[in-house]
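Everything on this sheet refers to the single structure shown next.
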Amino acid sequence: MRLYNDPSYPVPTAVWSTLPTAEAMDAMAALGVGMHQIPAAAAEVVPAGQQVMGLVGQPWSEASIAEAVAAVGKRARFMGLGHDRGEVALDGALELTAHMAEALPKAGVAAWVVSPPIDVGTSAAEGQIATAGALGADGKIISVNVRPPVARAANVWSVSVGKKPLAGALSSWADLARQSDLTETANAVRAQARLPLLVSDIRGVSSGSAAMDALSLARIMITSAYQGSTGLALFARPEDAPEGEDAFCLLDSNGEPRPGVAEVFTELSRELAGTVPVTALVQTEEIGFGDNAEIGFRPFMRRDEGIVALYNNTSGSADLLVEVRTIPLDLHTLTIGAAGVRRDYSPTHRFSEEAHAMGRPVIPVKLEPGEVTVLSMQMASIHAAWLAGIEYAPDKPKADGPVIDLIHAPDRR
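Residue 34 in the working numbering sits at position 24 of the sequence shown, and the numbers go up by one each step.
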């Protein structure tokens, strides 16, 4: 057993629009939420031991910043300027954020400053990116606050023509991939300053199915983490989210953990904690990062672990082979699907008979329609190119040659 307690990103974060109750805070603690994005004046209600991000609402001024700093006191870990979506007139955002970065240490508050929000896909995004880039280049901020567009959760499990599943990726998964893609925004900011992203205000329109909403959230979390995010923030309660955009709220209207979404947020946050994205050396149109990929995936590392998240965007089940370049010592599997969340663990990994017959260090994975699976493996010799590739499994592995010893063979690098 390996137990790590180092602070790690991305931090699971709750967004509060109004003052939370003590009961709601207790529910968040049980879900493993480690940070609260909250109006600065309400920061005192956050229990000790949990991080606070205090946001200063409009109208902004040096006086309102001073008032917020005094209200948060020494509780804040992060601070920044906040505004509602659609408010394009952001005069003074650059100068006042820089002022906040200077005012905090003078007030004895050891908090980092994040950029004003970037609303991806809006007319204001270009100017917001320029502001964040300038602040980052000047060393005034620690992270870029990015707000993805409102996502529409996928609502189709499978489509068949007769008895045969429809070929290719379902359009609802492809649409979700496009809506949640932060690559262009991240690249634009990092062209000016190499900074991580705080992916906040993740909101969506519900499919009407708790399982589908949870699977949509899982994909958003995975692709956001792959951008090097420091935090993943969801609205805490339906009343904190705009009407009709509460698909990913962590609590329901009764203050209870929202079925599907809350469990996936908690479990997947654990799997992604402390991960570092690594390059995928092999991709195809069918299996890769593309919006229309039949199988999506993202590879990561964490200490001596290789981690890969896979998701099935097709109407049919998919039998896959995950090929590695170094030997897994164990195998932990997190599966998110129609039946909820399941964990499996093999403390001693052994390659299958099919892998030995093929003479290749491959791990078989079966994905049902819509399903998400995360493999975490402690490696004998971890390196950034640990993942050789992912492919569809052949109907019958060839076994014409000699059985190859995959354990004692040299690493395939």
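Note that the Cβ used here is the ideal one computed from N, Cα and C, for glycine as well.
To the nearest angstrom, how far is it from the Cα of alanine 319 to the Cα of isoleucine 232? Within the sequence shown, the letter at position 309 stands for residue 319. Within the sequence shown, the letter at position 222 stands for residue 232. Distance between the alpha carbons of alanine 319 and isoleucine 232: 7 Å.
Exposure of threonine 31, with buried meaning 16 or more beta-carbon neighbours within 10 Å: Residue mapping note: residue 31 aligns to position 21 of the sequence shown, counting from 1. With fewer than 16 Cβ atoms within 10 Å of its Cβ, threonine 31 is classed as exposed.
Work out the CA separation of leucine 282 and serine 133 for me, nearest whole Å. Residue mapping note: residue 133 aligns to position 123 of the sequence shown, counting from 1. Residue mapping note: residue 282 aligns to position 272 of the sequence shown, counting from 1. Each residue's Cα considered, the two are about 32 Å apart.
Once DSSP output is grouped into helix, strand and coil, what is the label at serine 226? Sequence index remark: in the sequence shown, residue 226 carries index 216 (1-based). It is helical.
For the beta strand (DSSP E) containing leucine 65, name the first residue and the last one. Locating residue 65 in the sequence shown gives position 55, where the first residue counts as 1. It spans 61-66 - the beta strand (DSSP E) in which leucine 65 sits, taken as one unbroken run.
6 Å CB neighbourhood of methionine 38 in its chain, flanking five on each side removed: The sequence position of residue 38 within the sequence shown is 28, counting from 1. Answer for methionine 38: Ala24, listed in chain order.
Let's see if you can read the secondary structure: which residues bound the beta strand (DSSP E) around serine 27? Taking the sequence shown and counting its residues from 1, one reaches residue 27 at position 17. First-last for serine 27: undefined, no H or E at that position.
Can you give, in chain order, each stretch of the alpha helix (DSSP H) that sits fully within the segment 172-199 and has at least 4 residues? 181-189
Going by other Cβ atoms of all chains shown within 10 Å of its Cβ, with 16 needed for buried, is alanine 272 buried or exposed? The sequence position of residue 272 within the sequence shown is 262, counting from 1. Result: buried.
Can you tell me the Cα-Cα spacing of histidine 359 and leucine 339, whole angstroms? As a first step, residue 359 must be located in the sequence shown, where it is residue number 349. As a first step, residue 339 must be located in the sequence shown, where it is residue number 329. Cα-Cα distance, rounded: 5 Å.
Look at the alpha carbon of tyrosine 19 and the alpha carbon of glycine 44, and state the distance between them as a whole number of angstroms. Along the sequence shown, read from residue 1 onward, the residue named residue 19 stands at position 9. Along the sequence shown, read from residue 1 onward, the residue named residue 44 stands at position 34. Each residue's Cα considered, the two are about 10 Å apart.
Three Cβ pairs or more, each shorter than 8 Å: is that satisfied between the segment 352-366 and the segment 255-271? no
Taking all protein chains shown into account, do 16 or more other C-beta atoms lie within 10 angstroms of the C-beta of arginine 352, making it buried, or fewer, making it exposed? Residue numbering aside, residue 352 sits at position 342 when the sequence shown is read from its first letter. Result: exposed.
Could you tell me which residues DSSP pairs with phenylalanine 307 in its beta bridges? On the sequence shown, residue 307 is found 297 positions in, with the first residue counted as 1. Answer by DSSP bridge pairing, in chain order: Leu320.
Can you tell me the Cα-Cα spacing of serine 168 and leucine 377, whole angstroms? In the sequence shown, residue 168 corresponds to position 158, counting from 1. In the sequence shown, residue 377 corresponds to position 367, counting from 1. Those two C-alpha atoms are separated by around 13 Å.
CB contact flag (threonine 285, phenylalanine 310, <7 Å): Translated into positions along the sequence shown, residue 285 becomes position 275. Translated into positions along the sequence shown, residue 310 becomes position 300. Against a cut-off of 7 Å, the Cβ pair of phenylalanine 310 and threonine 285 comes out as a contact.
Within 7 Å, strictly: CB atoms of glutamate 295 and alanine 398: Reading the sequence shown from its first residue, position 285 is the one you call residue 295. Reading the sequence shown from its first residue, position 388 is the one you call residue 398. It is not a contact, given that the beta carbons lie outside the stated cut-off.
How about the segment 145-159 and the segment 173-192: do they share at least three Cβ pairs that are nearer than 8 Å? yes
Assumed close pair tryptophan 122, isoleucine 152 - CB separation to whole angstroms, cut-off 8 Å: Residue numbering aside, residue 122 sits at position 112 when the sequence shown is read from its first letter. Residue numbering aside, residue 152 sits at position 142 when the sequence shown is read from its first letter. Yes, tryptophan 122 and isoleucine 152 are in contact; Cβ-Cβ is about 4 Å, under 8 Å.
Is the Cβ-Cβ distance between leucine 341 and serine 356 less than 7 Å? Against the sequence shown, residue 341 aligns to sequence position 331. Against the sequence shown, residue 356 aligns to sequence position 346. Closer than 7 Å, so yes.
Who are the Cβ neighbours of arginine 370 in its own chain at under 7 Å, not counting the five residues just before and after it? On the sequence shown, residue 370 is found 360 positions in, with the first residue counted as 1. So the list reads Glu333, once near-sequence residues are dropped.
Since leucine 431 and alanine 108 are thought to touch, with beta carbons under 8 Å apart, how far apart are those beta carbons, to the nearest angstrom? Because the chain in this structure spans residues 11 to 423, residue 431 falls outside the shown range and cannot be described.
Per DSSP, the bridge partner or partners of asparagine 155: Stepping through the sequence shown from its first residue, residue 155 is reached at position 145. Asparagine 155 pairs with Leu208.
Is it buried or exposed, serine 197, if we count other Cβ atoms within 10 angstroms and call 16 or more buried? The residue labelled residue 197 in the question sits at position 187 within the sequence shown. Strictly speaking, residue 197 in this sequence is asparagine, with serine absent from that position. Exposed.
For serine 226, does the count of other Cβ atoms within 10 angstroms reach 16, so buried, or fall short, so exposed? For the purposes of this step, residue 226 is taken as the residue at position 216 of the sequence shown. Serine 226 is buried by the Cβ-count criterion.
Assuming glutamate 77 and glycine 178 are in contact, meaning their beta carbons sit under 8 Å apart, how far apart are those beta carbons, in whole angstroms? What you label residue 77 is simply residue 67 of the sequence shown in a count that begins at 1. What you label residue 178 is simply residue 168 of the sequence shown in a count that begins at 1. Between glycine 178 and glutamate 77 the Cβ distance is about 55 Å, and since that is not below 8 Å, they are no contact.
Report buried or exposed for aspartate 211, applying the criterion of at least 16 other Cβ atoms within 10 angstroms of its Cβ. Taking the first residue of the sequence shown as position 1, residue 211 is located at position 201. Buried: at least 16 other Cβ atoms inside 10 Å.
Quick one: what does DSSP say valine 5 is sitting in, helix, strand or coil? Because the chain spans 11 through 423 in this model, residue 5 falls outside it and cannot be assessed.
Determine the DSSP secondary structure at valine 334, reduced to helix, strand or coil. For the purposes of this step, residue 334 is taken as residue 324 along the sequence shown, with counting starting at 1. Note: valine 334 maps to strand in three-state DSSP.
Those runs of the alpha helix (DSSP H) which lie wholly inside the segment 346-394 and span at least 4 residues: 363-368
What did DSSP end up calling alanine 328 once you bin it into helix, strand or coil? Taking the first residue of the sequence shown as 1, we reach residue 328 at position 318. Three-state DSSP puts alanine 328 in a strand.
Go ahead and label leucine 29 buried or exposed: buried means 16 or more other beta carbons lie within 10 angstroms of its beta carbon, across all protein chains shown. By one-based count along the sequence shown, residue 29 stands at place 19. Answer is exposed; the Cβ neighbour count stays below 16.
Secondary structure at alanine 403, three-state DSSP: helix, strand or coil? Translated into positions along the sequence shown, residue 403 becomes position 393. Coil at alanine 403, not helix or strand.
Note down, in chain order, each residue of its chain lying with its Cβ closer than 6 Å to the Cβ of proline 206, except the 5 sequence neighbours on either side. Taking the sequence shown and counting its residues from 1, the one referred to as residue 206 is at position 196. Around proline 206: Ser153, Gly238 and Thr240.
Beta-carbon proximity list for alanine 221, same chain, < 6 Å, skipping 5 on both sides: Here residue 221 is taken as the residue at index 211 of the sequence shown, counted from 1. Gly270 and Ala348.
I'd like the span of the alpha helix (DSSP H) that includes serine 74, first residue to last. Within the sequence shown, residue 74 is the residue found at index 64, counting from 1. That run of the alpha helix (DSSP H) goes 72-82.
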